[in-house]
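There are 2 protein chains.
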Amino acid sequence: MTGSDKTKVSVMVVDDHPIWRDGVARDLAENGFDVRATAADGAAAIRISRAVRPDVVLMDLNLGETSGVDATREITAALPETKVLVLSASGEHSDVLEAVKAGASGYLVKSASATELVDAVLRTAAGDPVFTAGLAGLVLGEYRRMADSPSEGPPPPQLTERETDVLRFVAKGMTARQIAEKLVLSHRTVENHVQSTLRKLQLHNRVELARYAIEHGLDEE
Amino acid sequence: MTGSDKTKVSVMVVDDHPIWRDGVARDLAENGFDVRATAADGAAAIRISRAVRPDVVLMDLNLGETSGVDATREITAALPETKVLVLSASGEHSDVLEAVKAGASGYLVKSASATELVDAVLRTAAGDPVFTAGLAGLVLGEYRRMADSPSEGPPPPQLTERETDVLRFVAKGMTARQIAEKLVLSHRTVENHVQSTLRKLQLHNRVELARYAIEHGLDEE
DNA sequence: GGTCCGTTCAGGGTTTTTCCCGGATCTACC
DNA sequence: GGTAGATCCGGGAAAAACCCTGAACGGACC
Chain A
758 MTGSDKTKVS
768 VMVVDDHPIW
778 RDGVARDLAE
788 NGFDVRATAA
798 DGAAAIRISR
808 AVRPDVVLMD
818 LNLGETSGVD
828 ATREITAALP
838 ETKVLVLSAS
848 GEHSDVLEAV
858 KAGASGYLVK
868 SASATELVDA
878 VLRTAAGDPV
888 FTAGLAGLVL
898 GEYRRMADSP
908 SEGPPPPQLT
918 ERETDVLRFV
928 AKGMTARQIA
938 EKLVLSHRTV
948 ENHVQSTLRK
958 LQLHNRVELA
968 RYAIEHGLDE
978 E
Chain B
758 MTGSDKTKVS
768 VMVVDDHPIW
778 RDGVARDLAE
788 NGFDVRATAA
798 DGAAAIRISR
808 AVRPDVVLMD
818 LNLGETSGVD
828 ATREITAALP
838 ETKVLVLSAS
848 GEHSDVLEAV
858 KAGASGYLVK
868 SASATELVDA
878 VLRTAAGDPV
888 FTAGLAGLVL
898 GEYRRMADSP
908 SEGPPPPQLT
918 ERETDVLRFV
928 AKGMTARQIA
938 EKLVLSHRTV
948 ENHVQSTLRK
958 LQLHNRVELA
968 RYAIEHGLDE
978 E
């Protein structure tokens, strides 16, 4: 622990919901934590954390602009002394693994009680990895799976902007020609984007693409 | 206002996230509200609200078992004096309309600030409908649209058992041949079931079928 | 300059889907 | 017995999707 105060563990709360954010912040303050800062989005979280260097960052995953995962990656890279404890509404396995890969020291679902939260922050500050029931095993299992294959792992399937555009329309049920018209393209180009997206995501058809898009929120807006 | 206290507006908070629930409850208590009760799920909300008869129920939509919409319906039916103010993370149009149809007096997205929340609860208790920016117009527009068409609605297109079976697999991204093998059928038969399903639901391809299945929960299990 | 990558287009192939049709049971209901 | 619907099978044909390939352009980076 490298808190700049004597006894208190310093904390920063990142969440885009003001009510939640302030509620958690006050909760922690009343339980003896030094709440140094709060932030509403990933960009602010990155910026402010560099300045205040908290012991623990409580990070919501579901932010608006910069994702909580990105912010987690940036923060843990810049501040190795700072631990990031993810607080997310979803217990989605992929979310957990993403967060851990980005450097999170723990993952708590929001259904946790106030006392569980306090306990989790303390343990995180102490260097203990904290995971809500069932998730610890998941991460362990994934770790073992990775350890078996020497230097592998699902490479971050990042789609290009155009591929994301096309994917959104595919998920709506449009054909290549319809999408081509919408984006002012040749339908062959659209088909090519679909192809490379299928390859990158290791999927096999448009229905699976649609499910992927829906599960990852690409489908909204 | 029919609060049984003199000056205070009585409130009940329903949310499955303990931290959020307690945070909001304390917030309201500190702002002069009489927080009579809290509940973690729809069933408890219905039961407890009958006993405490709060002026306003702050209802989260995204509960576990009984949905917030169902709870809203039950509560407004049983307690006409009680107003339900929905507090939801999503600003999804369909969610708003569902909630209003179930009897909600207002709809606030969770990105609202603490002061907005306090103000909204007060106005709800006073009988004012409260909606976050943009949603008021939506409800009005929908109301007008309904008033135009006397007593209509999309007739529930009922699929046969076999069609539902096939649809489930289609929604998983399987091809006709794969489904045929699974169900021990000819792939032509599977294609025929897909065809008749497309006709009945007035859809045009498998992606739209998948979306339909997901939205109607056919996709689970 | 050279290389990489994103974006665009297209040829040429196979497979799958989409759409129309007819025919065969079986069951249920009038 | 007739009729209707659910279930099964199939033919045929056009469209779309899937898969691989090559190629051209511009921007970024070394």
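As they're listed, the protein sequences go chains A and B. My numbering applies: residue 758 is where the first sequence begins, and numbers increase by one. My numbering applies: residue 758 is where the second sequence begins, and numbers increase by one. Think of the CB as a built atom: it goes at the ideal place given N, C-alpha and C, for glycine as much as any other residue.
Distance from B:L842 to B:L865 at the Cβ level is roughly 6 Å; contact confirmed, criterion being Cβ atoms closer than 8 Å. Counting of Cβ neighbours within 10 angstroms places A:S870 among the exposed residues, the total staying below 16. The alpha-carbon of A:D773 is positioned some 8 Å away from that of A:A796. For B:V941, there is no enclosing beta strand (DSSP E), as DSSP gives it neither H nor E.
Under a criterion of Cβ atoms nearer than 9 Å, the residues of chain B adjacent to A:S870 are, in order, P775, I776 and D779. The residue among A:A835, A:G789, A:I832 and A:E948 with its C-alpha nearest the C-alpha of A:M931 is A:E948.
No Cβ-Cβ contact shorter than 8 Å links B:T881 with B:G860. Judged by their CB atoms, A:D827 and A:L844 are not nearer to each other than the 8 Å cut-off. Sequence-ordered contacts of the region 919-937 of chain A with chain B read V927, A928, K929, G930, M931 and T932 [C-beta pairs closer than 9 Å]. The region 774-787 of chain A makes contact with the region 774-791 of chain B, as at least three CB pairs between them are under 8 Å. One Cα belongs to A:L820, the other to B:H944, and the distance between them is close to 45 Å. A:L815 carries a strand assignment under DSSP once its states are collapsed to helix, strand and coil. Cα atoms of B:I805 and B:V941: separation of roughly 51 Å, rounded to the nearest angstrom. Under the 10 Å beta carbon count, B:K957 is surrounded by fewer than 16 other beta carbons and is classified as exposed. Secondary structure at A:G780: helix, using DSSP grouped into helix, strand and coil.
If the five residues before and after B:V887 are omitted, its C-beta is found closer than 6 Å to the C-beta atoms of G863, A877, R880 and T881, all from its own chain and listed in chain order. By the CB criterion at 8 Å, B:T946 and B:L924 fall outside the cutoff. Within its own chain, the residues whose Cβ lies closer than 7 Å to the Cβ of B:D852, once the five positions on either side in sequence are excluded, are L818 and S845, listed in chain order.
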